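Student:
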Amino acid sequence: MLDRRFISSQSWGANIEFPSSRELRGSPHYVGGRYPCRSVAFVPRMILQKTAEVKRDFAVLDPFMGSGTTAIEAGTLANAVYGVEVDAYARLIATASTTPLSRQSIERLYRVLDDIEKAGAVAGDPKLRPSLANIEYWFTEQSFDELLSLKSYLFGLGLDVAEHNLLLTAFGDIIRACSKAERQSLKPYISTKYDKQIKPTIPEFQKVARQYLNAIEKLDPTDFCAIEWLGHDATAFEAEAPIDLAITSPPYINAMDYTRCIKLESAWIGTCDDASLQKTKSLQLGEASRRHQSVENWIDELCRSKFGRLLELDNARFGTAVAYFDDMAKNLSSVQQALTEDGKYYLIIGNSRLRGVEIETHRIIAEIAIMLGFDWSGYFTYKIKDHRTSIPRGDRGGKIDIEHVVELTKNKNS
Ligand SMILES: C[S@@+](CC[C@H](N)C(=O)[O-])C[C@H]1O[C@@H](n2cnc3c(N)ncnc32)[C@H](O)[C@@H]1O
Numbered sequence: 001m002l003d004r005r006f007i008s009s010q011s012w013g014a015n016i017e018f019p020s021s022r023e024l025r026g027s028p029h030y031v032g033g034r035y036p037c038r039s040v041a042f043v044p045r046m047i048l049q050k051t052a053e054v055k056r057d058f059a060v061l062d063p064f065m066g067s068g069t070t071a072i073e074a075g076t077l078a079n080a081v082y083g084v085e086v087d088a089y090a091r092l093i094a095t096a097s098t099t100p101l102s103r104q105s106i107e108r109l110y111r112v113l114d115d116i117e118k119a120g121a122v123a124g125d126p127k128l129r130p131s132l133a134n135i136e137y138w139f140t141e142q143s144f145d146e147l148l149s150l151k152s153y154l155f156g157l158g159l160d161v162a163e164h165n166l167l168l169t170a171f172g173d174i175i176r177a178c179s180k181a182e183r184q185s186l187k188p189y190i191s192t193k194y195d196k197q198i199k200p201t202i203p204e205f206q207k208v209a210r211q212y213l214n215a216i217e218k219l220d221p222t223d224f225c226a227i228e229w230l231g232h233d234a235t236a237f238e239a240e241a242p243i244d245l246a247i248t249s250p251p252y253i254n255a256m257d258y259t260r261c262i263k264l265e266s267a268w269i270g271t272c273d274d275a276s277l278q279k280t281k282s283l284q285l286g287e288a289s290r291r292h293q294s295v296e297n298w299i300d301e302l303c304r305s306k307f308g309r310l311l312e313l314d315n316a317r318f319g320t321a322v323a324y325f326d327d328m329a330k331n332l333s334s335v336q337q338a339l340t341e342d343g344k345y346y347l348i349i350g351n352s353r354l355r356g357v358e359i360e361t362h363r364i365i366a367e368i369a370i371m372l373g374f375d376w377s378g379y380f381t382y383k384i385k386d387h388r389t390s391i392p393r394g395d396r397g398g399k400i401d402i403e404h405v406v407e408l409t410k411n412k413n414s
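So the sequence shown is residues 1 to 414, counted in UniProt numbering.
Next up, the structure:
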């Protein structure tokens with residue numbers, strides 16, 4: 001629980017100082033730890049606790065669910081948790097980190113890990129090779145063979161879905177450490193300057209999977225909401241039941257190529273191949289190549305009035321930014337339809353700088369929301385402390401330090 005200081009300090013424009021995310025070590029937030037741009041868990045935690053003070057039963061949605069930060073926080077407070085997420089690897093992490101395991105399952109998995117040396121003797125199943133062009137480039141022959149043996153072993157264990165998902169997520173998490181690619185860089189990259197210390201596959205898996213089990217043991221199987229997926233595309237989805245509260249951290253404009261950052265992990269666990277990688281990339285909001293054939297006039301005009309200078313400097317980037325706000329307008333409409341009459345939508349977002357032009361993303365989103373029938377009912381900021389969640393700003397702008405939280409309330413007349 002956060003102390004009351006946070007819950008009551010949410011006045012308009014407040015700058016809230018949250019604890020360091022290091023305090024979450026050992027919690028389910030560490031499952032799937034390498035997923036890029038994870039949110040600071042204290043933000044949804046504060047919003048959820050505040051909601052739980054005034055509502056007994058409520059349903060929560062995160063339409064850009066990523067690795068499941070909102071769902072982990074909502075699991076014990078809400079009575080239904082819904083998600084939308086385009087990336088299959090993220091959906092697997094979010095599902096695994098919010099699925100409690102029974103005592104029996106936990107014990108079975110600890111036994112599997114105690115015995116994991118056996119995996120070394122298993123012949124790698126060629127059908128389980130990652131289906132990505134040039135995948136061998138990223139691994140030594142030895143690591144590649146060891147990973148394929150381990151994966152074949154895990155698939156042959158006959159575990160149930162929840163058990164299998166947790167081990168598969170741990171397997172995804174060791175891929176970078178067992179590859180030639182640097183650990184620090186978000187996108188896979190092999191340094192020619194430094195010799196990478198490649199981790200031995202089995203001990204690394206055993207270590208990570210034990211940490212995951214330890215984290216998942218903390219979820220109460222009798223009192224934790226599983227995520228119900230409403231679809232893959234945040235710009236076009238429908239909810240069957242009304243939602244009281246939506247909390248999300250959408251992508252930044254032109255900032256992060258998620259699919260490329262996690263392609264090695266995702267290919268190894270089988271959630272992407274060459275074809276699906278392109279498809280997912282094309283659906284990613286803020287993706288540089290995303291352009292819309294037609295955009296409603298008022299959105300185009302709003303963008304010209306807010307950052308028209310970018311159009312003079314760089315037509316293509318202006319197009320990316322306009323497509324982003326058009327996508328966000330569609331997302332706001334989908335969320336609005338899903339919300340109850342007094343439902344609230346919290347968006348956590350930082351500004352972007354494109355070709356030196358500062359774009360106040362949170363303010364433009366709020367203005368679009370007002371046009372669509374929301375009231376802009378609250379606003380605060382916080383400083384990102386640990387750059388585990390670091391978010392590159394697209395071009396030359398350094399890291400994002402401040403995030404803005406916009407609270408929207410569905411307008412009763414909308
Ligand atoms: C900033 S991240 C969310 C991080 C998340 N809160 C967490 O802690 O892991 C944004 C997410 O939006 C997803 N995304 C991008 N475009 C999307 C779309 N069209 N529909 C659904 N999800 C999308 C990305 O794959 C990414 O996982």
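Beta carbons: idealized from backbone N, C-alpha and C, even for Gly. For clarity, every value in this text was computed on a predicted model and none was experimentally measured.
Nearer than 6 angstroms: is that true of the beta carbon of GLN49 relative to any heavy atom of ligand 1?
Tutor: Incorrect: GLN49 has no Cβ contact closer than 6 angstroms to ligand 1.
Student: Do ALA181 and ILE190 have their beta-carbon atoms positioned less than 7 angstroms apart in this structure?
Tutor: Cβ atoms of ILE190 and ALA181: closer than 7 angstroms.
Student: When the distance is taken between beta carbons, is HIS232 closer than 7 angstroms to VAL81?
Tutor: For VAL81 and HIS232, no; Cβs fall outside 7 angstroms.
Student: Ligand 1 and CYS37: does any heavy atom of the ligand fall closer than 6 angstroms to the residue's C-beta?
Tutor: Answer for CYS37: yes, Cβ within range of ligand 1.
Student: Report whether the distance from the Cβ of ALA234 to the nearest heavy atom of ligand 1 is below 6 angstroms.
Tutor: Yes.
Student: Would you report the Cα separation of ARG111 and TRP268, rounded to the nearest angstrom?
Tutor: Cα to Cα, ARG111 sits roughly 24 angstroms from TRP268.
Student: Once DSSP output is grouped into helix, strand and coil, what is the label at LEU339?
Tutor: LEU339 falls in the strand class under three-state DSSP.
Student: If the criterion is Cβ atoms closer than 7 angstroms, does the pair HIS292 and ALA323 meet it?
Tutor: Yes.
Student: Can you list, in chain order, the residues of its chain with a C-beta nearer than 7 angstroms to that of LEU186? Leave out the 5 residues immediately preceding and following it.
Tutor: Once the five neighbours on either side are set aside, the close Cβ partners of LEU186 are PRO36 and CYS261.
Student: May I ask you to report which of helix, strand or coil DSSP gives ILE391?
Tutor: Any reading at ILE391 needs caution, since the residue's pLDDT is 43, under 50, leaving its predicted position unreliable; the model's value is listed next. Coil at ILE391, not helix or strand.
Student: From the DSSP output, in three-state form, read off SER20 for me.
Tutor: Three-state DSSP puts SER20 in coil, outside helix and strand.
Student: Could you have a look at ASN411 and say whether DSSP puts it in helix, strand or coil?
Tutor: Looking at ASN411 - three-state DSSP - the assignment turns out to be coil, as it is neither helix nor strand.
Student: I want to know whether the stretch 352-359 touches the stretch 295-310 - three or more CB-CB distances under 8 angstroms.
Tutor: Yes, since at least three Cβ pairs between the stretch 352-359 and the stretch 295-310 fall closer than 8 angstroms, the two stretches touch.
Student: Cα separation between GLY319 and LEU61?
Tutor: Approximately 29 angstroms, taken between the alpha carbons.
Student: Judging by CA-CA distance, which residue of THR340, LYS410, MET371 and SER377 is the nearest neighbour of PHE58?
Tutor: Here the closest residue by C-alpha is THR340.
Student: Give the secondary structure of HIS404 by DSSP, where H, G and I count as helix, E and B as strand, and everything else as coil.
Tutor: Strand.
Student: For a minimum of 4 consecutive residues, which ranges assigned as the alpha helix (DSSP H) are wholly contained in the stretch 332-384?
Tutor: Correct list: 361-372.
Student: Figure out for me which residue from SER102, GLY373, VAL84 and GLU360 has the closest Cα to the Cα of LYS306.
Tutor: That would be GLU360, whose Cα lies nearest to the Cα of LYS306.
Student: Have a look at ALA94, MET256, GLU53 and ASP273 and flag the residue whose alpha-carbon is nearest the alpha-carbon of ASN134.
Tutor: Nearest option by C-alpha distance: ASP273.
Student: Does ligand 1 have even one heavy atom less than 6 angstroms from the beta-carbon of ASP87?
Tutor: Result yes, Cβ under 6 angstroms from ligand 1.
Student: On the DSSP bridge list, what partners appear for VAL60?
Tutor: For VAL60, which the question treats as bridged, DSSP gives the partners VAL81 and LEU245.
Student: Can you check which of these residues, LEU101, PHE237 and ASP160, is closest to VAL335 by C-alpha distance?
Tutor: Among LEU101, PHE237 and ASP160, the Cα nearest to that of VAL335 belongs to PHE237.
Student: Report the option in ARG183, GLN104 and ILE216 whose CA atom is closest to the CA atom of LEU159.
Tutor: LEU159 has its Cα closest to that of GLN104, out of ARG183, GLN104 and ILE216.
Student: Any heavy atom of ligand 1 closer than 6 angstroms to the Cβ of GLY231?
Tutor: Not so, every heavy atom of ligand 1 lies at least 6 angstroms from the Cβ.
Student: Sorry if obvious, but does the Cβ on ALA338 come closer than 6 angstroms to a heavy atom of ligand 1?
Tutor: No, since every heavy atom of ligand 1 falls outside the 6 angstroms radius drawn around the Cβ of ALA338.
Student: Rounded to the nearest angstrom, what separates HIS362 and LYS330 at their Cα positions?
Tutor: Spanning the two alpha carbons is a distance of roughly 16 angstroms.
Student: Considering Cα atoms alone, identify which of ILE175, PHE325, GLN49 and ASN79 is closest to GLU296.
Tutor: Per the Cα distances, PHE325.
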